[in-house]
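Novice: Mind having a look at this structure? Questions to follow.
Protein chains in written order, with my numbering: chain A, -2 to 378; chain B, 2 to 422.
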């Protein structure tokens, strides 16, 4: 509270003081900024001075020891012995370098790992392409269809590739696959649910409300368990569904419920006049929806959708509880190797770095997108 | 985990109400004629399309249900909750109520539920304290502080909760052994075997303790209602009056009843004996990791909510309050916070709900929460359907209660806003 009070007291926030005090010759902007920083933010008030000084203590106790561990005393190359001599000294990045194939591809058989890498690249390429608004045309959908077929063939075998069972798929490839396939399966379902929830047809609306609210009301882990335990019992005897597909279904049901709610907000934001204008022009209901309403609704909620997708990507790590080897689980298991003596710190730090990089740039991208494609920007032009 | 979407707007109470409730409300208010209108409205413009779609969904559901019951019968399982009274046969690491493997499944589920409640309540409390301080620090004019908090928030938001949980679990297990225990406060020990805090032991049945607490809260509510009615008028609008006072009253009333009731409870301090710490209340390392992990994870969202809430108050409000000659602290307390809370509280409530749902991640580090116990139940006795029904029922009830409370709150602040106009 006092910090806020200080924030408000800060004279740099009050423009009129500057105009009163302005000298005849204005100082250079850099000098002004520095003076403002020094006199305002860092040492302007007694409280800010205390905070600045306390910050030095924070650097000494937290920041420096961390950098010392992660960079200065770290072991970058060599084998387990090199790190063992340095036990308790610094990070052993040599461990990550040695285990990188396991962390990225899990239990996928060694000689075939190139296929897993290729699948990873195909998915990453498609995601990057989807991020470019200029490419938002129907060929992109075709590319996704073809791309995912290629990914499944690359991973699973066929067309001259040796078959690989889904229970050894793993690592970053699996994380990305669960995420991408889950979202692809969820998208049409989400649109249907959102439309049903907004429709005049009471029966459909009721079904959609029930589906969305129940799914959103329970934890993701519960959905995962429901899919893994209940789903096999719901199929005729003998029809087995493998674990990965079950997890996939759980992810897409869960994502669909959240996407549907976001889309509904977008649909609500489309003014009624848009429907009326479209009908007046003689467009059919379906044409109105597809050409007028949905594009606007989706554009409005794109930042929200990207945020949900980032959270879903982080959530894919939870498939570990049903025994899948995703990126995080692979990193965790890699640390159990006796050769390296439980390098959990490094494994988690590496996983955190990877997740952070991906998600941080994802959220920056979302902000950029908000500025460049959201309808509000067009209005303000 | 998916974070709560901020509510549409705190001023529109009906925005979040499920359409079914609106419909029922409308039917009751508008009378039979309007209800008939609404029923015919249900069919929409394409009744056949709807019939077909609903019929298809129902047919799939019925088919799945029939295969399910067929499969269960084939496996020799009869669906039903009768199994809850049978002996569970598995141990649970920690529990609020006495529990052993010989106890029933029902009791095991209750233990899991209480454990979920424990970790959810304590995490919400810690997350609020952390988040409030961080949110205020984020607004500091000192760039070092606000930037550091920003980095903290970004790191938390951009890494999976599970990863953070593994980190805390690792940290807790790397704490010193009981003999070199850290003792941040007298009577509190932090070790690799968990957190030891002073406990309160009930000498009589724990029920009397619960009754005492309930009595205290009841007395506090009565006192508060009386004060609201007859208390000084100028205090009624203050934030402290609305939040701090009821809490203080509840604590005071409980203490009073405690004093009156005599030595029902005694304070039990943990102490080092040999190689371990005995006495007091022990919180397992898994619990501590989960508690800190959930609280830290949620504190990032709470900090953002607090910041957004304070920033949502227009600058003119600050300026007007200052022009009236109010000192800075009172500007904050009497003018800015009450308006900010209107934005903060609904979002905070949904943060709490999602924290509670996230607590099911406990299963990954072996804390026996509701989902963990139910999963064991499902795997052990084959009571998959029942276990999942209980899971859905408990979490859904919780979500519905929370959104009902939130609607009530929204309704209140919306009315208040109109009255002031």
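Glycine included, every Cβ here is placed at the ideal spot set by N, Cα and C.
Quick check: is the beta carbon of residue 160/B nearer than 7 Å to any beta carbon in chain A?
Specialist: With 7 Å as the cut-off, residue 160/B counts as an interface residue toward chain A.
Novice: Residue 72/A bridges to which residues according to DSSP?
Specialist: Residue 72/A is bridged to 89/A.
Novice: Nearest by alpha-carbon distance to residue 199/B: which of 283/B, 82/B, 402/B is it?
Specialist: Per the Cα distances, 283/B.
Novice: So, do the stretch 194 to 212 of chain A and the stretch 132 to 146 of chain A have three or more beta carbon pairs nearer to each other than 8 Å?
Specialist: No contact exists between the stretch 194 to 212 of chain A and the stretch 132 to 146 of chain A.
Novice: Considering residue 228/A, what are the terminal residues of the beta strand (DSSP E) in which it resides?
Specialist: Note, residue 228/A: premise wrong, no beta strand (DSSP E); not H, not E.
Novice: For a contact meaning CB atoms closer than 8 Å, what does residue 218/A contact in chain B?
Specialist: The answer, in chain order, is 361, 362, 364, 372.
Novice: Taking buried to mean at least 16 other C-beta atoms within 10 Å of its own C-beta, is residue 70/A buried or exposed?
Specialist: Flag for residue 70/A reads exposed.
Novice: Which class does residue 278/A belong to by DSSP, given the choice of helix, strand or coil?
Specialist: Looking at residue 278/A - three-state DSSP - the assignment turns out to be coil, as it is neither helix nor strand.
Novice: Ordered along the chain, which non-local residues of its own chain (more than five positions away) have a Cβ less than 7 Å from that of residue 205/A?
Specialist: Here the set comprises 190, 193, 194.
Novice: When Cβ atoms are compared, which residues of the stretch 392 to 405 of chain B fall closer than 7 Å to chain A?
Specialist: Those residues of the stretch 392 to 405 of chain B that come within reach of chain A (Cβ to Cβ, closer than 7 Å) are 392, 393, 396, 397, 400.
Novice: Apart from the five residues on each side of it in sequence, which residues of its chain come closer than 7 Å, Cβ to Cβ, to residue 396/B?
Specialist: Result list for residue 396/B: 358, in chain order.
Novice: Which residues, in order along the stretch 326 to 348 of chain A, keep a beta-carbon less than 8 Å from a beta-carbon of chain B?
Specialist: If the cut-off is 8 Å between Cβ atoms, the stretch 326 to 348 of chain A has 329, 341, 342, 345, 348 near chain B.
Novice: What is the DSSP secondary structure of residue 256/A, counted as helix, strand or coil?
Specialist: In this structure, residue 256/A counts as helix in the three-state DSSP scheme.
Novice: According to DSSP, simplified to helix, strand and coil, what is residue 195/B?
Specialist: In this structure, residue 195/B counts as strand in the three-state DSSP scheme.
Novice: Residue 279/B CB to nearest chain A CB: under 7 Å?
Specialist: Residue 279/B does not count as touching chain A.
Novice: For residue 279/A, decide whether its Cβ has a neighbour in chain B, counting only Cβ atoms nearer than 7 Å.
Specialist: For residue 279/A, the answer is no, since every Cβ of chain B falls outside 7 Å of its Cβ.
Novice: DSSP has residue 200/B in a bridge; who is on the other side?
Specialist: Note: residue 200/B sits in a beta bridge opposite 269/B.
Novice: Measure the beta-carbon distance from residue 303/B to residue 132/B and round it to whole angstroms, keeping in mind my assumption that it falls under 8 Å.
Specialist: The pair is a contact, with the Cβ atoms about 2 Å apart (cut-off 8 Å).
Novice: If you reduce the DSSP assignment to three classes, tell me which class residue 206/B lands in.
Specialist: Here the model assigns residue 206/B a pLDDT of 49, short of 50, so the residue's position is not dependable and the matter cannot be decided.
Novice: Terminal residues of the continuous beta strand (DSSP E) containing residue 277/B?
Specialist: 277 to 279 is the extent of the beta strand (DSSP E) around residue 277/B.
Novice: Locate the alpha helix (DSSP H) running through residue 158/B, then write down its first and last residues.
Specialist: Run containing residue 158/B: 144 to 158, per the alpha helix (DSSP H) assignment.
Novice: For residue 404/B, count neighbouring C-beta atoms within 10 Å of its own C-beta (all shown protein chains included) and say buried if the count is 16 or more, exposed if not.
Specialist: Residue 404/B is buried by the Cβ-count criterion.
Novice: Return no unless some Cβ of chain B is closer than 7 Å to the Cβ of residue 268/A.
Specialist: No, no contact with chain B.
Novice: If the cut is a Cβ gap below 7 Å, which residues of chain B does residue 356/A touch?
Specialist: Chain B residues near residue 356/A: 159.
Novice: How far does the alpha helix (DSSP H) with residue 117/B in it reach, from first residue to last?
Specialist: Element bounds for residue 117/B: 106 to 139.
Novice: What does a CB cutoff of less than 8 Å around residue 364/B pick up in its chain, not counting 5 residues either side in sequence?
Specialist: Counting only Cβ-Cβ distances below 8 Å, and skipping sequence neighbours, we find 370, 372, 373, 376.
Novice: Quick one: list the residues of chain B neighbouring residue 459/A, beta-carbon separation under 8 Å, in chain order.
Specialist: Residue 459/A is absent from the structure shown; chain A starts at -2 and stops at 378.
Novice: What is the DSSP secondary structure of residue 91/B, reduced to helix, strand or coil?
Specialist: In the structure shown, residue 91/B sits in coil (DSSP, three-state: anything other than H, G, I, E or B).
Novice: Which class does residue 156/A belong to by DSSP, given the choice of helix, strand or coil?
Specialist: Correct three-state label for residue 156/A: coil.
Novice: Run through DSSP, which three-state label would residue 339/A get?
Specialist: Three-state result, residue 339/A: coil.
Novice: Say whether chain B places a C-beta atom closer than 7 Å to the C-beta of residue 86/A.
Specialist: No, residue 86/A lies away from the interface with chain B (no Cβ there is under 7 Å from its Cβ).
Novice: Is residue 175/B near residue 221/B, with beta carbons less than 7 Å apart?
Specialist: Not in contact: residue 175/B and residue 221/B (Cβ atoms no closer than 7 Å).
Novice: For residue 186/A, report the span of its beta strand (DSSP E) as first-last.
Specialist: Taken as a continuous stretch (DSSP letters only), residue 186/A belongs to no beta strand (DSSP E), being part of the alpha helix (DSSP H) at 168 to 195.
Novice: Pull out every residue of the stretch 134 to 157 of chain B whose Cβ sits closer than 8 Å to any Cβ of chain A, in chain order.
Specialist: The stretch 134 to 157 of chain B vs chain A, Cβ under 8 Å: 137, 138, 140, 141, 142, 143, 144, 145, 146, 149, 155, 156.
Novice: From what residue to what residue does the alpha helix (DSSP H) around residue 282/B run?
Specialist: Premise fails: residue 282/B lies in the beta strand (DSSP E), 282 to 284, not in any alpha helix (DSSP H).
Novice: Tell me the DSSP bridge mates of residue 323/A?
Specialist: DSSP output for residue 323/A lists 168/A as bridge partner(s).
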